[in-house]
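All the letters of the sequence shown, read from the start, carry residue numbers 1 to 114 under full-length UniProt numbering.
Where is the CB? At the ideal position from N, CA and C, for every residue including glycine.
Predicted, not measured: the structure shown is a model, and the values here were computed from it.
Single-structure report; data block below.
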Amino acid sequence: MAAGEISKTSTDAINGSQLHSTNAEVAKISQKLGDLKGTMSAGIAGAYAAAALAQPHDPGASSVGVGVGNFRGESALSIGVSTISDNGRWILKGLVTHDTQSHTGAAASVNYQW
């Protein structure tokens, strides 16, 4: 049996190979969405791990910390350093994260407060 025309106006019947091809494409999309869900959950876990890092409060103080995060079965670890200038006006902060999807991220900031 020849392949039926697939269009908005077609009334042709489709054959098994056409249906199999469509099902295979749907399965690929479903797998990609599952992979994306894991990647996004790991990224959110990384954000939680970064947010868990403490910030020193006193002028002239510095800190180093480790944070962990978990979201929907994915986990992440963060390591960060932060310092406040002696006059308390400047704050410098940097961190790296690594998650269970083997992605590494980094962030840094310089802040002035008054």
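Legend entry - Candidates Gly105, His20 and Lys28, of which the one nearest Ala42 by Cα: Locating residue 42 in the sequence shown gives position 42, where the first residue counts as 1. Nearest C-alpha to Ala42: Gly105.
Legend entry - Where His103 sits in the DSSP three-state scheme: Indexing the sequence shown from 1 puts residue 103 at position 103. If DSSP states are grouped into helix, strand and coil, His103 belongs with coil.
Inset, instruction - Out of His103, Asn87 and Ala107, point me to the one whose CA is closest to Trp114's CA. - result: Start at 1 with the first residue of the sequence shown, and residue 114 comes out as number 114. Comparing Cα positions, the closest option is Asn87.
Legend entry - Span separating the alpha-carbon of Ala45 from that of Ile79: The residue given as residue 45 occupies position 45 in the sequence shown. The residue given as residue 79 occupies position 79 in the sequence shown. C-alpha separation (whole angstroms): 14 Å.
Legend entry - Contact check, Val52 vs Gly69, beta carbons under 8 Å: Along the sequence shown, one-based indexing puts residue 52 at 52. Along the sequence shown, one-based indexing puts residue 69 at 69. One detail in the question is off: residue 52 reads as Ala in this sequence, not Val. Yes. Within cutoff.
Inset, instruction - Have a look at Lys93, Ala50 and Ile84 and flag the residue whose alpha-carbon is nearest the alpha-carbon of Ala61. - result: Locating residue 61 in the sequence shown gives position 61, counting from the first residue. Checked all of Lys93, Ala50 and Ile84; the closest Cα to Ala61 is Ile84.
Legend entry - Leu19 - DSSP class collapsed to helix/strand/coil: Looking up residue 19 in the sequence shown gives position 19. Helix, per DSSP.
Inset, instruction - Would you decide whether Asp58 is buried or exposed? Buried here means 16 or more other CB atoms lie within 10 Å of its CB. - result: Numbered from its first residue, the sequence shown carries residue 58 at position 58. With fewer than 16 other Cβ atoms within 10 Å, it is exposed.
Inset, instruction - Below 8 Å on the Cβ atoms is my guess for Thr97 versus Ala50; work out the distance and round it to an integer in Å. - result: Here residue 97 is taken as the residue at index 97 of the sequence shown, counted from 1. Here residue 50 is taken as the residue at index 50 of the sequence shown, counted from 1. About 6 Å separates the two Cβ atoms, so the contact holds.
Inset, instruction - Could you please give the first and the last residue of the uninterrupted beta strand (DSSP E) stretch that includes Leu53? - result: Translated into the one-based positions of the sequence shown, residue 53 becomes position 53. Per DSSP, Leu53 belongs to no beta strand (DSSP E) and is neither H nor E.
Inset, instruction - Ignore the nearest five residues each way along the sequence and tell me which others in Thr39's own chain have a CB closer than 8 Å to its CB. - result: Here the question's residue 39 lines up with position 39 in the sequence shown. If we look at Thr39 and ignore the five residues flanking it on each side, its Cβ neighbours are Gln101 and His103.
Inset, instruction - Locate the beta strand (DSSP E) running through Ala76, then write down its first and last residues. - result: Reading the sequence shown from its first residue, position 76 is the one you call residue 76. Residues Glu74 to Ile84.
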